[in-house]
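Please read the structure below before turning to the comments.
Residue numbers (our numbering), protein chains in the order written: chain C, 680 to 857; chain Y, 680 to 857.
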C-alpha cells in the first residue's frame with residue numbers, strides 16, 4: 680500500500696458522491712469493520728462528516744466508547760469483501776481474518792486503516808447530540824490517507840436489496856461549486 | 680411526466696448511493712431550487728433524511744420558515760440545468776424560468792416537484808437541533824413520486840471542482856442488507 684497523506688481540504692470530494700465506506704473501530708484490543716452508506720459531508724475544513732451507526736450493530740459500542748474510527752473507501756475490486764463484511768457481525772467473527780482484509784496502523788487513532796482502499800480517513804467523534812435518536816455521529820477527519828497506486832479507482836455505491844452501482848464515467852463541467 | 684406514487688419503505692434505495700439532488704422550496708409565493716449533495720438517509724421508515732443547507736444560501740430562509748421542501752433526483756440528461764442551478768443564487772434570478780425547469784404541484788407540501796426528475800420526495804423538517812452548528816436539517820419524507828417513463832435512469836454524483844460522475848453499471852450481489 681502506497682500510504683500518502685491526502686490534503687484535508689479535499690476530503691469532501693472523496694465522499695460527497697456517496698461511496699460505500701468501511702468503518703473500522705478498535706476497542707478492547709479488538710478490531711472490527713462494518714459497511715456504511717449513510718454518511719454525508721457537513722463541513723469542508725476541517726472536514727466534518729455525519730454518519731449513522733445503528734445501536735444494534737457491534738461497532739456502535741466501540742465507536743461510542745473510543746470516539747474514534749477510520750472510514751476506508753474500497754474500490755470496486757473489493758466488492759466481495761464488502762458484501763461479506765455487510766452480511767456478518769463482528770460479534771461472531773473476526774471479519775478481517777475471515778475475509779482477508781489487511782490492516783495497517785494509522786497516525787492519530789487506534790482504529791486500523793484497510794490496505795487496498797482508495798483512501799482511509801482517521802476520524803474522531805466530536806458531537807453526539809443526534810446519536811440517541813438517529814445513531815448519527817458527527818466526525819472530524821484528523822488525518823487522511825490515499826493510495827495513488829491503485830489502478831481501478833471506481834467506487835461502489837449501494838442501491839439496496841443486493842444491488843451496487845459502480846462509478847461510471849466522469850464529466851467535467853463549468854460548475855463553479857467547490 | 681408520469682407521476683406515480685413510490686413506496687416510502689423503498690425511498691432509501693434512491694438516496695443512499697449519493698445522487699445529486701435538487702432541493703426546492705416555496706416561500707412568500709416564490710419558488711426556488713438549489714443543488715445538493717450533502718445528504719444521508721437516517722431511517723428506513725418513515726424515511727428520514729438529513730441534509731445540509733448553508734445559511735449563506737437563499738434556500739436557508741425558505742426552508743427555515745416553511746419547514747417544507749422537495750428533493751428531486753435529476754437524471755444525467757439534466758446535467759446542464761444542474762450546473763446552471765448550482766452556479767446561480769435564487770436571490771438574483773428565478774432559476775426555474777431561466778433554466779427551463781418545469782414544475783408540478785405536489786400533494787402534501789407547497790414546494791414544487793420538478794418534471795423530468797427520476798423521483799420527487801415531499802419532505803417536512805422534523806428536527807433542527809444541528810441547524811445552527813452545521814446547517815443540518817432532519818427531513819421526513821411524507822410522500823414520494825417517481826417517473827417510470829424516463830428512459831435514461833442514470834444518476835449524477837458530484838465529485839467537486841467541476842466534476843460529476845455518472846452512475847455506471849449495476850451489479851447484483853448476495854448482500855443481505857436491506
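Virtual Cβ for every residue (Gly too), placed ideally from N, Cα, C.
Chain Y residues whose Cβ lies nearer than 9 Å to that of residue i
| i | result |
| --- | --- |
| residue 856 of chain C | 714, 716, 762, 765, 766, 837, 839, 840, 841 |
| residue 845 of chain C | 846, 847, 848, 849, 850 |
| residue 719 of chain C | 697, 716, 717, 718, 719, 729, 730, 731, 815 |
Proximity to residue i [Cα-Cα], best of the options
| i | options | result |
| --- | --- | --- |
| residue 787 of chain Y | Y:814, Y:761, Y:821, Y:707 | Y:821 |
| residue 803 of chain C | C:839, C:785, C:846 | C:785 |
| residue 687 of chain C | C:835, C:800, C:855 | C:800 |
| residue 712 of chain Y | Y:830, Y:847, Y:722, Y:764 | Y:764 |
| residue 845 of chain C | C:772, C:856, C:756 | C:756 |
| residue 852 of chain C | Y:724, Y:797, Y:761 | Y:761 |
| residue 830 of chain C | C:779, C:843, C:797, C:857 | C:797 |
| residue 750 of chain Y | Y:709, Y:770, Y:772, Y:794 | Y:794 |
| residue 855 of chain C | Y:694, Y:837, Y:718, Y:832 | Y:837 |
| residue 769 of chain Y | Y:719, Y:833, Y:710 | Y:710 |
| residue 842 of chain Y | C:725, C:850, C:792, C:840 | C:850 |
Straight-line gap, residue i to residue j (C-alpha atoms, nearest Å)
| i | j | result |
| --- | --- | --- |
| residue 747 of chain C | residue 782 of chain Y | 45 Å |
| residue 692 of chain C | residue 684 of chain Y | 33 Å |
| residue 735 of chain Y | residue 727 of chain C | 18 Å |
| residue 729 of chain C | residue 818 of chain Y | 15 Å |
| residue 815 of chain C | residue 731 of chain Y | 14 Å |
| residue 715 of chain C | residue 701 of chain C | 6 Å |
| residue 753 of chain Y | residue 835 of chain Y | 7 Å |
| residue 867 of chain C | residue 681 of chain C | It is not possible to answer for residue 867 of chain C, since the shown part of chain C is limited to 680 through 857. |
| residue 739 of chain C | residue 812 of chain C | 14 Å |
| residue 779 of chain Y | residue 779 of chain C | 51 Å |
| residue 878 of chain Y | residue 807 of chain Y | The structure shown does not extend to residue 878 of chain Y, since chain Y spans only 680 to 857, so no value can be given for it. |
| residue 699 of chain C | residue 772 of chain Y | 37 Å |
| residue 708 of chain Y | residue 690 of chain C | 38 Å |
Opposing strand residues paired with residue i [DSSP bridges]
| i | result |
| --- | --- |
| residue 745 of chain C | According to DSSP, which records beta bridges pairwise, residue 745 of chain C is partnered with nothing at all. |
| residue 805 of chain C | The partner list for residue 805 of chain C (beta bridge, DSSP) is empty, contrary to what the question assumes. |
| residue 798 of chain Y | Y:752, Y:825 |
| residue 730 of chain C | C:718, C:816 |
| residue 839 of chain Y | Y:842 |
| residue 713 of chain Y | Y:702 |
| residue 772 of chain C | Per DSSP, none; premise fails for residue 772 of chain C. |
Partners in chain C for residue i, counting only beta-carbon separations shorter than 7 Å
| i | result |
| --- | --- |
| residue 851 of chain Y | 841, 842 |
| residue 722 of chain Y | 813 |
| residue 808 of chain Y | 808, 809 |
Neighbourhood of residue i by C-beta distance below 8 Å, restricted to the same chain and skipping five residues each side
| i | result |
| --- | --- |
| residue 789 of chain Y | 705, 745, 747 |
| residue 827 of chain Y | 681, 683 |
| residue 721 of chain C | 727, 728, 729, 817 |
Sequence-distant residues of its chain with Cβ nearer than 6 Å to residue i (five each side left out)
| i | result |
| --- | --- |
| residue 742 of chain Y | 704, 732, 748 |
| residue 723 of chain C | 691 |
Cβ shell of residue i (< 7 Å), same chain only, five flanking positions each side left out
| i | result |
| --- | --- |
| residue 767 of chain Y | 774 |
| residue 825 of chain C | 683, 685, 797, 798 |
| residue 810 of chain C | 816 |
Closer than 9 Å at the beta carbon, the chain C residues around residue i
| i | result |
| --- | --- |
| residue 692 of chain Y | 837, 838, 839, 840, 842 |
| residue 758 of chain Y | 850, 852 |
| residue 770 of chain Y | Chain C residues near residue 770 of chain Y: none, gap ~16 Å exceeds 9 Å. |
7 Å Cβ cut-off: residues of chain Y touching residue i
| i | result |
| --- | --- |
| residue 701 of chain C | In chain order: nothing, as chain Y lies at least about 13 Å away. |
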